[in-house]
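K.L.:
Structure in structure tokens, see below.
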Amino acid sequence: AQSVTQLGSHVSVSEGALVLLRCNYSSSVPPYLFWYVQYPNQGLQLLLKYTSAATLVKGINGFEAEFKKSETSFHLTKPSAHMSDAAEYFCAVSEGRGGGFKTIFGAGTRLFVKA
Amino acid sequence: SQTIHQWPATLVQPVGSPLSLECTVEGTSNPNLYWYRQAAGRGLQLLFYSIGIDQISSEVPQNLSASRPQDRQFILSSKKLLLSDSGFYLCAWSVSGGARTGELFFGEGSRLTVL
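Protein chains in written order, with my numbering: chain A, 7 to 121; chain B, -12 to 102.
Structural data, given as structure tokens:
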């Protein structure tokens, strides 16, 4: 079975500082990995995805993530935080089963950005 | 372009009353459809997924049911709501067939409060 662990339910950074949100996964097959962002009372929006191409993936809003198979990690980074980055972030892994495609989500990390 | 809509956006219902949340997708055919629930401070729990009309898979035993009467319509229902059914419900779709990667496209969410 696949699973996702996000380290830290809350992360606080100062505006302009590095953002690092950690994600580790387990999978018995090569995974597809995702980061989604959720603003209050809204649905989730895809930030970026890894689908077995380049291991360093660039997404929207200046975010990027690196797939490290040896560490089973897919950490999300952004060089300089902006106030608008304050949101909840979810790491996810997908698997194929029975023609459908289940996606398993981590518990989420809420990012706070201080002025 | 593809769009997904779900309604109502907010709902306050008494314990024991029925529930119907509706989700429709436009601009694509034969999508995989999903219902997730997000409880306060927790991640996303997959409730149901569907790979076709009248093909529903339930992930957890619960007080809820799902139906897919048309290709791009997905309905979440309950005959008698419980307090524990409160939460934020998210409908999502993904591409089916060989082009799938598991990327999910989410609706705006429906916040249900059971009193």
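Glycine is no exception: its CB is placed at the ideal position from the N, C-alpha and C atoms.
Since the structure is predicted, the reported quantities are computational estimates derived from the model, not experimental observations.
So what does residue 99 (chain B) bridge to, in DSSP terms?
P.N.:
In the DSSP output, where bridge partners are listed per residue, residue 99 (chain B) has B:-2 and B:74.
K.L.:
For residue 43 (chain A), does the count of other Cβ atoms within 10 angstroms reach 16, so buried, or fall short, so exposed?
P.N.:
The residue is buried, with at least 16 neighbouring Cβ atoms inside 10 Å.
K.L.:
At a Cβ cut of 9 Å, what residues of the stretch 42 to 61 of chain A count as close to chain B, listed as they run along the chain?
P.N.:
Correct list: 42, 44, 47, 48, 49, 50, 51, 52, 55 and 57.
K.L.:
Within the same chain, show all residues whose beta-carbon is closer than 6 Å to that of residue 101 (chain A), passing over the 5 residues directly before and after it, in chain order.
P.N.:
8 and 108.
K.L.:
My guess is that residue 111 (chain A) and residue 10 (chain A) are in contact by the Cβ rule of under 8 Å, so how many angstroms apart are they, rounded?
P.N.:
Indeed, because the Cβ distance is near 6 Å, the residues count as touching under 8 Å.
K.L.:
Taking 8 Å as the CB-CB limit, is residue 69 (chain A) close to chain B?
P.N.:
Chain B, which has no Cβ nearer than 8 Å to the Cβ of residue 69 (chain A), makes this no.
K.L.:
Can you grab the Cα-Cα spacing for the pair residue 96 (chain A) / residue 26 (chain B), in whole Å?
P.N.:
Roughly 14 Å separates the two Cα atoms.
K.L.:
Count the other C-beta atoms from every protein chain shown that fall within 10 angstroms of the C-beta of residue 71 (chain A), then say buried if there are 16 or more, exposed otherwise.
P.N.:
Buried: at least 16 other Cβ atoms inside 10 Å.
K.L.:
By how many angstroms is the C-alpha of residue 21 (chain A) removed from the C-alpha of residue 88 (chain A)?
P.N.:
Their backbone Cα atoms lie some 5 Å apart in a straight line.
K.L.:
With a threshold of 8 Å on Cβ separation, who are the neighbours of residue 94 (chain B) within its own chain once the five nearest residues in sequence on each side are excluded?
P.N.:
Closer than 8 Å at the Cβ level, and outside the excluded window around residue 94 (chain B), lie -9, -8, -7, 10, 77, 78 and 79.
K.L.:
Taking a cut of 7 Å between CB atoms, which residues from the stretch 83 to 95 of chain B lie near chain A?
P.N.:
Listed by position along the chain: 87, 88, 89, 90, 91, 93, 94 and 95.
K.L.:
I'd like to know if residue 76 (chain B) contacts chain A, where contact means its C-beta is closer than 8 Å to some C-beta of that chain.
P.N.:
So no, residue 76 (chain B) is outside the interface.
K.L.:
Taking 7 Å as the limit between beta carbons, can you name the residues of its chain near residue 74 (chain B), skipping five residues before and five after?
P.N.:
Hits under 7 Å: 24, 25, 26 and 99.
K.L.:
Is the CB of residue 113 (chain A) under 8 Å away from at least one CB in chain B?
P.N.:
Interface residue, yes.
K.L.:
By how many angstroms is the C-alpha of residue 97 (chain B) removed from the C-alpha of residue 45 (chain B)?
P.N.:
Distance between the alpha carbons of residue 45 (chain B) and residue 97 (chain B) is about 19 Å.
K.L.:
Based on Cα-Cα distance, which residue from A:41, A:80 and A:117 lies nearest to residue 92 (chain B)?
P.N.:
When only C-alpha atoms are compared, the closest one is A:41.
K.L.:
Given that a residue counts as buried once 16 or more other Cβ atoms are within 10 Å of its Cβ, and exposed if not, what is residue 154 (chain A)?
P.N.:
This structure does not reach residue 154 (chain A), given that chain A is present from 7 up to 121, and the question cannot be answered.
K.L.:
Using a beta-carbon distance cut-off of less than 9 Å, what residues from the stretch 23 to 34 of chain B approach chain A?
P.N.:
Under the 9 Å Cβ criterion, the stretch 23 to 34 of chain B contributes 23, 25, 28, 29, 30, 31, 32 and 33.
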